[in-house]
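Mapping of the sequence shown onto this note's numbering: position 202 corresponds to residue 210, and the numbering continues sequentially without gaps. Virtual Cβ for every residue (Gly too), placed ideally from N, Cα, C. Nothing here was measured: the structure is a model prediction, and the numbers come from that model.
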Amino acid sequence: MSEVQEFEGRNVVVTGGTGALGTAVAELLLERGARVRVPCFDAAEYERCSFRDHERAEVVHPVNLADDAAVEAFFAAGGELWASIHIAGGFAFTPLSEVNSTILEQQVRMNTATCLLCCREAAGRMKRGGRIVNVTARPALDARQGAKLTPYVIAKAGVAALTQTLASELLERDVLVNAIAPSVIDTPANREAMADADFSTWVRPEDAAEVLAFLASPRNRVVSGALVPVYGKA
């Protein structure tokens with residue numbers, strides 16, 4: 009199957025679709041014929057969305073992905089799904105001396121809980137098979153990379169675990185579930201935060217988007233339960 013219009017006529021959800029990676033994913037899917045739905049937390053996020061006027065894009069706000077009812081309503085309004093790509097999440101740099109239950113709960117809510125709720129609702133709307141793709145992180149696969157990131161790493165490890173659990177649970181329904189585990193994505197925010205880093209080793213959003221798009225595509229017939237390293241040259 010050609011990748012040119014492989015998503016034609018297929019409904020795809022992209023959470024976190026207004027960020028650097030999410031925008032790259034949504035625009036790639038639109039190029040390949042998908043109908044893309046993106047939840048936004050508020051009007052400010054909606055206004056930042058570069059593709060909101062595209063004829064096959066539906067950008068919805070406000071949607072709180074940590075709220076059961078809001079997630080259920082968002083997915084219910086979109087009808088039958090082919091794929092759901094879950095990029096939304098949060099990050100916290102937290103040395104051990106600053107860790108507390110509030111920060112841990114916040115990271116789990118923003119990363120693990122939002123992903124789980126979206127997986128639940130997406131799977132319920134995949135009547136003829138489908139694809140779910142999550143985003144974990146490199147330190148979730150190699151925790152030695154996660155110094156001073158403990159709450160974040162715990163939350164992203166939860167995303168990795170639920171990806172593999174759901175891959176097993178949903179396989180009989182031909183719903184394939186995978187995740188990518190990026191190192192550092194080359195975004196303006198990351199460049200500002202790590203100004204002395206070697207940006208050439210980072211992952212371009214467009215390259216990570218290609219991996220996500222393949223895992224979400226009908227070309228992916230056999231990969232499920234994979235946690236795909238997307239490390240660039242790091």
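Integer-rounded CB distance, given that residue j should sit under 8 Å from residue i
{"i": "Thr-144", "j": "Ala-205", "result": "Between Ala-205 and Thr-144 the Cβ distance is about 21 Å, and since that is not below 8 Å, they are no contact."}
{"i": "Glu-4", "j": "Arg-227", "result": "Residue 4 is absent from the structure shown; the chain starts at 9 and stops at 242."}
{"i": "Asn-186", "j": "Ser-232", "result": "6 Å"}
{"i": "Ile-193", "j": "Leu-29", "result": "6 Å"}
{"i": "Val-33", "j": "Ala-221", "result": "7 Å"}
{"i": "Leu-112", "j": "Pro-147", "result": "The pair is not a contact, with the Cβ atoms about 15 Å apart (cut-off 8 Å)."}
Pair within 7 Å by beta-carbon distance, residue i and residue j
{"i": "Ala-131", "j": "Val-183", "result": "yes"}
{"i": "Val-71", "j": "Pro-103", "result": "no"}
{"i": "Thr-195", "j": "Lys-241", "result": "no"}
{"i": "Arg-43", "j": "Arg-64", "result": "yes"}
{"i": "Ala-74", "j": "Val-116", "result": "no"}
{"i": "Gly-166", "j": "Trp-90", "result": "no"}
{"i": "Arg-133", "j": "Phe-83", "result": "yes"}
{"i": "Arg-56", "j": "Phe-15", "result": "no"}
{"i": "Ala-51", "j": "His-69", "result": "yes"}
{"i": "Ala-216", "j": "Val-236", "result": "no"}
Assigned secondary structure, residue i (DSSP; H/G/I helix, E/B strand, else coil)
{"i": "Arg-152", "result": "helix"}
{"i": "Arg-136", "result": "coil"}
{"i": "Pro-226", "result": "coil"}
{"i": "Ala-198", "result": "Reading off the sequence, residue 198 comes out as Asn, not Ala. Correct three-state label for Asn-198: helix."}
{"i": "Val-12", "result": "coil"}
{"i": "Val-107", "result": "coil"}
**Report entry** Any 3 or more C-beta pairs closer than 8 Å across the stretch 14 to 28 and the stretch 85 to 100
**Finding:** Yes, they touch.
Query raised in the report: What are the uninterrupted segments assigned as alpha helix (DSSP H) that are 4 or more residues long and contained completely in the stretch 40 to 84, given in chain order?
Result: Complete alpha helix (DSSP H) runs here, min 4: 51 to 56, 76 to 84.
Query raised in the report: For the stretch 118 to 135 against the stretch 167 to 175, are there 3 or more C-beta pairs whose distance is under 8 Å?
Result: With the cut-off at 8 Å, the stretch 118 to 135 and the stretch 167 to 175 touch.
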